[in-house]
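Using the working numbering, you'd call the opening residue of the sequence shown number 60 and step up by one each time. Glycine residues also receive a C-beta, built at the ideal position from the N, C-alpha and C atoms. In this text the structure is predicted, and so the values were computed from the model without any measurement.
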Amino acid sequence: MKVNVLSVASECAPLVKTGGLADVVGALPAAVAAEDIHMRTLLPGYPAVIKALGEASGKTSVVATEPDLFGGKGRLLAGTVAGLDLLVLDAPHLYDRGGSIYLSPKGRDWPDNPERFAALSWMAARIGMGAIKDWQPGVIHCHDWQAGFVPEYLHDMGGSGRAGTVMTVHNIAFQGNSDPAKIDTLRLRPSRMTREGFEFWGRVSALKAGLIVADRLTTVSPTYARELMTDAFGMGLDGVMRMRAGVLSGILNGIDETVWNPATDPEIKAYKTPRGKTANKTALRKEMGLGKSDGPLCVMVTRLTEQKGVDLLLEALPVLVARGGQLAVLGSGDPAFEDALRAAARSEQVAVHIGYDEGMSHRMMAAGDAILVPSRFEPCGLTQLYGLRYGTIPVVGLTGGLADTVINASTAALDMQAATGIQFNPITAQSLRGALNQLCDLFYDSKTWAILQKNAMLQPVGWGPSARAYAALYRDIAPSP
Ligand code: ADP
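And the structure:
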């Protein structure tokens with residue numbers, strides 16, 4: 060059975076991206092197309108998205124209008140960009156502004172973020188109610204808190220039977236909580252401001268709203284699905300997750316293998332075997348001002364936040380350097396971490412580039428011997444998957460998707476020639492030191508290292524099985540024709 064699915068998100072690669080959510084939202088439509096799912100993606104009309112739509116070669120049309128969309132007019136535009144079948148909510152009063160998509164130029168959340176994404180969710184629900192002529196979604200797939208109110212709105216509009224809803228948690232740390240004084244502005248029913256509804260410690264939680272009402276819940280790895288039901292990882296929503304355990308599943312993210320493929324990657328000196336990394340390594344050392352070395356070149360590409368364990372790495376770093384290793388970091392985020400990294404980079408063995416640079420992230424992946432992901436929690440994680448594909452051995456904390464995607468180089472796994480990386484646990488600086496020591500041991504044993512690299516490059520990291528899992532889920536909840 061063919062199913063129409065509306066995917067609703069606040070970011071989507073290659074148009075607008077701040078993290079892994081964008082990669083997943085951008086890759087999902089092509090991945091599920093192979094399973095007979097027609098997915099259209101609803102995005103806010105940020106300037107970059109409107110511009111891309113304007114430059115697209117195909118026809119763009121207005122497919123619906125909203126005279127009163129949270130303080131101004133909204134138009135729903137349809138068009139195709141980069142192979143994505145897009146629906147774009149053009150509402151200049153909400154989205155046409157400078158700064159980043161979530162933050163003002165001063166680096167603070169836009170004060171009207173609740174309204175901005177409630178409007179997106181409202182439009183999604185209207186589409187569920189048949190707002191577009193000739194296209195009715197059977198399922199609305201809501202990503203993160205920005206789409207959290209969709210199931211609630213759809214229910215309030217009387218449309219629960221018209222489309223099934225899936226709520227996916229990409230990171231439970233982001234919950235979209237707002238002031239209860241906004242209940243009316245957000246077009247929510249005050250009677251739902253309860254523990255059984257969207258109330259969360261006296262605030263209105265967009266994510267909780269979705270978690271309570273959606274037909275199905277998913278998150279981006281089986282281990283994170285289990286972790287979300289514990290108080291250590293659930294960030295206050297573990298009780299809700301436990302209550303809805305029967306409809307919760309973990310489906311691993313894949314990577315877009317047309318974008319992340321060392322044999323065809325235009326950003327690098329392309330290679331099919333790990334030997335091809337040498338030229339890329341030399342180029343990256345030059346680009347980042349690193350000295351010569353026979354030790355492992357470790358790379359890290361990340362948002363610089365507490366979650367990502369940057370502080371743990373800084374503490375453990377002397378071990379790597381003492382053993383002849385090098386570190387190159389590409390990232391941006393918390394100014395304290397940026398400063399600490401800059402300070403650590405005052406040597407020929409450590410380099411850091413503060414900023415966001417898509418091309419450089421590819422060059423780092425191609426050049427690195429190892430990719431470090433010492434996250435304290437990690438719903439899925441994508442950079443370790445890119446690492447596997449590029450023969451760049453992941454060194455990861457044993458949590459979330461990092462636990463599900465890396466085969467630890469235990470004695471048994473090495474004996475069986477199955478290992479693809481190193482996992483450390485507990486996630487502390489002390490245990491990371493051990494992992495970096497193990498990394499050096501393995502690296503200096505060139506025969507074992509070659510086997511690790513080969514295993515890593517052969518490990519499937521594409522969308523195949525996960526696309527089938529999503530398609531099965533959509534079919535389960537779509538109303539029968
Ligand atoms: P998260 O979504 O928590 O940030 P993921 O590992 O799931 O973490 O995804 C991060 C994505 O963002 C990856 O595609 C990664 O390559 C990219 N990324 C993160 N920081 C940077 C950066 N500074 N420059 C380029 N790409 C980055």
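Specify whether the stretch 213 to 228 and the stretch 407 to 427 touch according to this definition: at least 3 beta carbon pairs, one from each stretch, less than 8 angstroms apart.
no
Assuming residue 133 contacts residue 125 under a Cβ cut-off of 8 angstroms, what Cβ separation, rounded to an integer in Å, is found between them? 4 angstroms
Just to confirm the assignment: which complete beta strand (DSSP E) runs, minimum length 3, are found wholly within the stretch 206 to 253?
223 to 228
Q: Assign residue 253 to buried or exposed, taking buried as 16 or more other Cβ atoms, counted over all protein chains shown, within 10 Å of its Cβ.
A: exposed
- request: Output the distance between the C-alpha atoms of residue 69 and residue 383, rounded to the nearest integer angstrom.
  value: 43 angstroms
Q) Could you give the residue range of the alpha helix (DSSP H) that holds residue 499? A) Element bounds for residue 499: 488 to 503.
Note to self: Does the distance between the C-beta of residue 417 and the nearest non-hydrogen atom of the ligand ADP fall short of 7 angstroms?
What the structure shows: yes
* Return the CA-CA distance between residue 476 and residue 508, expressed in angstroms with no decimal places. => 11 angstroms
Return the CA-CA distance between residue 535 and residue 251, expressed in angstroms with no decimal places. CA-to-CA, the gap between residue 535 and residue 251 works out to about 27 angstroms.
Please return the same chain residues whose Cβ sits closer than 6 angstroms to the Cβ of residue 258, not counting the five positions on each side in sequence. 252
_In the DSSP assignment, the alpha helix (DSSP H) including residue 339 goes from what residue to what residue?_
336 to 347
If we ignore side chains and look at the alpha-carbon of each, how far apart do residue 437 and residue 510 end up? 27 angstroms
- prompt: By how many angstroms is the C-alpha of residue 314 removed from the C-alpha of residue 520?
  reply: Those two C-alpha atoms are separated by around 6 angstroms.
**Q.** Opening and closing residue of the alpha helix (DSSP H) in which residue 168 lies
**A.** That residue, residue 168, is in no alpha helix (DSSP H); it is neither H nor E in DSSP.
| field | Candidates 236, 456, 165 and 74, of which the one nearest residue 147 by Cα | value | 74
- For residue 277, does the count of other Cβ atoms within 10 angstroms reach 16, so buried, or fall short, so exposed? It counts as buried.
Next on the checklist: Mapping the DSSP letters down to three states, classify residue 126 as helix, strand or coil.
Outcome noted: coil
Is DSSP giving residue 75 helix, strand or coil here? strand
Item checked: Coil, strand or helix - residue 484 by DSSP -> coil
**Study point:** beta-carbon residue 505 near the ligand ADP non-hydrogen atom, thresh 7 angstroms
**Key:** Checking the Cβ of residue 505 against the ligand ADP gives no.
With residue 113 as the anchor, note down where its alpha helix (DSSP H) starts and where it stops.
-> 106 to 114
- Task: Measure the CB-CB distance between residue 211 and residue 272 and report whether it falls below 8 angstroms.
- Result: yes
- Message: For residue 413 and residue 320, what's the separation of their Cα atoms in angstroms?
- Response: 25 angstroms
State the Cα-Cα distance for the pair residue 174 and residue 149, rounded to the nearest angstrom. 14 angstroms
| query | Are there 16 or more other CB atoms within 10 angstroms of the CB of residue 260, so buried, or fewer, so exposed? | reply | exposed
* Asked: When burial is assigned at 16 or more other CB atoms within 10 Å of the CB, is residue 121 buried or exposed?
  -> exposed
(request) Kindly examine the ligand ADP and report whether one of its heavy atoms sits closer than 7 angstroms to the Cβ of residue 442. (result) yes
Helix, strand or coil: which one does DSSP assign to residue 463?
-> helix
Are residue 366 and residue 435 touching if we call contact CB-CB under 8 angstroms?
Note that the C-beta distance between residue 366 and residue 435 is below 8 angstroms.
DSSP state of residue 410, grouped into three classes?
DSSP, reduced to helix, strand and coil, places residue 410 within a strand of the structure shown.
| query | Hey, would you say the C-beta of residue 82 is under 7 angstroms away from at least one heavy atom of the ligand ADP? | reply | Yes; taking the cut-off as 7 angstroms, the Cβ of residue 82 has a heavy atom of the ligand ADP nearer than that.
For the ligand ADP, is there a heavy atom less than 7 angstroms away from the beta-carbon of residue 527? no
Requested in this report: Report back the beta-carbon spacing between residue 480 and residue 471 to the nearest angstrom; my notes put them in contact at under 8 angstroms.
Outcome: In fact, because the Cβ distance is near 15 angstroms, the residues do not count as touching under 8 angstroms.
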